[in-house]
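Just so you know, the sequences run in chain order A and B. Each step along the first sequence adds one to the number in the working numbering, with nothing skipped, and position 95 is 83. Each step along the second sequence adds one to the number in the working numbering, with nothing skipped, and position 92 is 80.
Number of protein chains: 2
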Amino acid sequence: MTRDRFATRAAIIESAASLVAAGGIPHLGVNSLADAAGCDKVLIYRYFGGLDGVLAALGAERVLWPAVEVPPENDDSGVSLAEAVQSLLLEEWAALSAGALMLQSAVSELESSRSSLSPATAQQRDEQHARMIATLKTRHRVPPYVDLPALVELLSSALTLFALRASQTHGDRREGSPAQHLDPATPAGWRRIEKMLGAITRALLHAEHQ
Amino acid sequence: MTRDRFATRAAIIESAASLVAAGGIPHLGVNSLADAAGCDKVLIYRYFGGLDGVLAALGAERVLWPAVEVPPENDDSGVSLAEAVQSLLLEEWAALSAGALMLQSAVSELESSRSSLSPATAQQRDEQHARMIATLKTRHRVPPYVDLPALVELLSSALTLFALRASQTHGDRREGSPAQHLDPATPAGWRRIEKMLGAITRALLHAEHQ
DNA sequence: GTTGCAAGTCACCAGTCGGTGACAATATCT
DNA sequence: AGATATTGTCACCGACTGGTGACTTGCAAC
């Protein structure tokens, strides 16, 4: 072992990230973390003061909420505000679904055993949405009667829950679903959700509407 | 102790319900459950085969998802389809927020440590939504171009996530939120969400639209 | 009453958890 | 070189976990 404090510190955080991504925060323990990082568990207490310190450091230097970027420079090239909002939300959903650590940190907000990751996640999400709305407002005219932050928050929450549920149903599709039933984890079901998303944004954000 | 198998069985399930409601499924253990139920833990294995059996029994005989009822008999008395959908969703949200066991079982769907409560929750939710849509369709004319199940699923998911997040933020409001920020756990923020909900249902479900 | 079976209790197992003190090895500075 | 402070290792602690076998208590049928 190279006696390098920064290196082992980084190894601990790295291992914590992958362990959390794999099994969730409740399954993260001092022993397993030290084992995965290839160091002794006493170093976790020395460097971070305990597991919670590791999670705090993890939240401080990792991306816990997808940072979607508004596509550059085609300000008014035919793309409407409704389409822009929809595509941003779908991008956020895709990035969230693909990032196991993001998914787990999103779940950590909801668990009764709170961790230091939860506030970091909430803050990153808020900042990201604020940035998204700010750039949208500079590039499109937002009708004054529509509450864009509320709309984004509502739709983003719905998509987030879909992503969380989908991440837990791996092939164990439940049968007996009536034809009427809609399952976002199914391609057909997801297409309906996408269509509904488009319908909502179009109905609310098109200027000719009320 | 009254040597009554059914009584102790019921006591175990009852204690399991309150323990889960209080601390979540991950905090439910054989020892604590037996202690709370006032019986020996070996009975848990004898009667249910283990903790998972208790959770399965719990899911089978408890309400894990609010069963909101369509208000009776005022079919066309001025209440529009949009208003009906909105009020049903708000009722569902209120019932979900008030039921600790419901909240915890909803979280259990998202945890990596799956339990036998998750499928029961999902099934109850599906059935409830299907019933809600069915009665809505009999009492109101639903425009053919609108996918009512998808709309309900999307809005219900958003409200569910709001309820889950709110149940975990007990007074530890985070500061430094910009004026632009929207927090559903705040009265003002929640009012904006409600308004947005109304705007969406109205924009999509009013016949004169599109 | 006496017998038999189910209900309930107790003691214990092996394993894991988080956490700590004493110690060895290495790097750094004089 | 030697002295010192830091980095890493090891062994151990008490507490708790899920789980099981051997036991005692009580009800109910005979």
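All C-beta atoms in this analysis are idealised placements derived from N, C-alpha and C, irrespective of residue type, glycine included. Just so we're clear, the structure is a prediction, and the values are computed from it rather than from any experiment.
Residue i at chain A interface by Cβ criterion, 9 angstroms
i         : result
Ala15/B   : What sits at residue 15/B in the sequence shown is His, not Ala. Judged by the 9 angstroms Cβ criterion, His15/B is in contact with chain A.
Thr148/B  : yes
Glu97/B   : yes
Gly11/B   : yes
Val130/B  : no
Gln116/B  : no
Gln112/B  : no
Ser85/B   : no
Ser101/B  : yes
Lys183/B  : yes
Asp(-8)/B : no
Asp135/B  : yes
Ser145/B  : yes
Pro201/B  : Missing from the structure shown is residue 201/B; chain B here goes from -11 to 198 and no further.
Ala138/B  : yes
Gln156/B  : yes
Leu142/B  : yes
Segment limits, alpha helix (DSSP H) that includes residue i
i         : result
Tyr33/A   : Lys29 to Phe36
Pro54/A   : Looking at the DSSP string, Pro54/A is not in any alpha helix (DSSP H), and its letter there is neither H nor E.
Thr(-4)/A : Arg(-7) to Gly11
Leu39/A   : Leu39 to Glu49
Asp171/B  : Element bounds for Asp171/B: n/a, residue is neither H nor E.
Asp135/A  : Run containing Asp135/A: none; DSSP gives neither H nor E here.
Pro175/B  : Pro175 to Leu193
Leu16/B   : Where Leu16/B is concerned, there is no enclosing alpha helix (DSSP H), given that its DSSP letter is neither H nor E.
Ser106/A  : Leu105 to Arg127
Cβ-based neighbour list, residue i, same chain, cut-off 7 angstroms, excluding 5 preceding and 5 following
i        : result
Met90/A  : Leu52, Trp53, Pro54 and Leu84
Leu170/A : Gly177 and Arg180
Thr157/B : Ala173
Ser103/B : Ile13, Asp40, Leu43 and Ser96
His128/B : Leu69 and Ala72
Ala45/B  : Ile1 and Phe36
Ser101/B : Pro14
Arg50/A  : Ala5 and Leu89
Own chain residues within Cβ distance below 6 angstroms of residue i, not counting five before or after
i        : result
Pro137/B : Ile121
Tyr35/B  : Arg(-3)
Gly12/B  : Gln92
Gln198/B : Because Gln198/B sits at a pLDDT of 42, beneath the cut-off of 50, its placement in the model cannot be relied upon, and the following sentence gives the value as read from the coordinates. Excluding positions up to five away in sequence, the list is empty.
Ala154/A : Ala173
Thr123/B : Val58
Glu182/B : none
C-beta neighbour in chain B for residue i, strict 9 angstroms
i         : result
Ala5/A    : no
Leu105/A  : no
Ala191/A  : yes
Ala90/A   : Residue identity differs from the one stated: residue 90/A is Met in this sequence, not Ala. Not an interface residue.
Pro175/A  : no
Ala187/A  : yes
Arg153/A  : yes
Arg50/A   : no
Gln198/A  : Residue confidence for Gln198/A is low, a pLDDT of 43 falling below 50, so the modelled location carries little weight; the figure read from the coordinates is stated next. Output row for Gln198/A: interface = yes.
Arg180/A  : yes
Ala(-2)/A : no
Sequence-distant residues of its chain with Cβ nearer than 8 angstroms to residue i (five each side left out)
i         : result
Arg39/B   : It is worth fixing the name first, because residue 39/B is Leu in this sequence and not Arg. Contacts found: Leu16, Gly17, Val18, Leu21 and Ile32.
Leu152/A  : Leu91, Ala94 and Val95
Ala48/B   : Ala108
Gln74/A   : Leu185, Gly186 and Thr189
Ala10/B   : Ala88
Arg(-7)/A : Tyr35
Any non-hydrogen atom of the ligand COA closer than 8 angstroms to residue i Cβ
i       : result
Gly11/B : Absent from the structure shown: the ligand COA. Ligands present: none.
Validate contact between the stretch 27 to 34 of chain A and the stretch 108 to 123 of chain A using beta carbons, cut 8 angstroms, 3 pairs:
Output reads no: the stretch 108 to 123 of chain A does not touch the stretch 27 to 34 of chain A.
Could you name each continuous alpha helix (DSSP H) segment of 4 residues or more that falls completely within the stretch 59 to 102 of chain A, going from the start of the chain to the end?
Counting whole runs of 4 or more residues, the stretch 59 to 102 of chain A contains the alpha helix (DSSP H) stretches 69 to 86 and 88 to 96.
Would you be able to state if there are at least three C-beta pairs under 8 angstroms between the stretch 69 to 89 of chain A and the stretch 140 to 155 of chain A?
Per the Cβ contact rule, the stretch 140 to 155 of chain A is in contact with the stretch 69 to 89 of chain A (3 or more Cβ pairs under 8 angstroms).
Examine the Cβ distances between the stretch -2 to 8 of chain B and the stretch 184 to 196 of chain A and report whether three or more of them are shorter than 8 angstroms.
Judged by pairs of C-beta atoms under 8 angstroms, the stretch -2 to 8 of chain B does not touch the stretch 184 to 196 of chain A, as fewer than three such pairs exist.
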